[in-house]
Amino acid sequence: MVQGVGYRFFTQRVAEELQLSGWVRNLPDGRVQAEVEGPRPRVEELLARLRVGPRLSSVTDVAVTWKAAGGTARGFLVEP
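Just so we're aligned, residue 934 is where the sequence shown starts under our numbering, counting upward by one.
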């Protein structure tokens, strides 16, 4: 559940810092979903930082599903 802590923009900032591609969005139930492409060590670094989250956040779970990269993502977008 995410409410007013800037989690999507935190995700975008960290992903861009790590030179990862993909997107992040809020789900109707309050969770956040992201799809990320890049070298596995950098994706793992992003995951580690997402488990902590931005200041004022309290992250209780980060679920991960690994799949083959599509290679089509460019940049990192925050979707509505």
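Backbone N, C-alpha and C fix where the C-beta goes; we use that ideal spot for every residue, glycine too.
Residue i and residue j closer than 8 Å at C-beta
i            : j           : result
residue 944  : residue 983 : yes
residue 996  : residue 954 : no
residue 1001 : residue 969 : no
residue 975  : residue 952 : yes
Inter-residue CB distance, residue i and residue j (contact presumed, cutoff 8 Å)
i            : j           : result
residue 1011 : residue 957 : 6 Å
residue 987  : residue 940 : 6 Å
Neighbour-count burial assignment, residue i, 16 or more Cβ in a 10 Å radius
i           : result
residue 960 : exposed
residue 981 : exposed
residue 964 : exposed
residue 942 : exposed
For this session: Entirely within the region 963-990 and at least 3 residues each: give me those beta strand (DSSP E) ranges in chain order.
Result: 965-970
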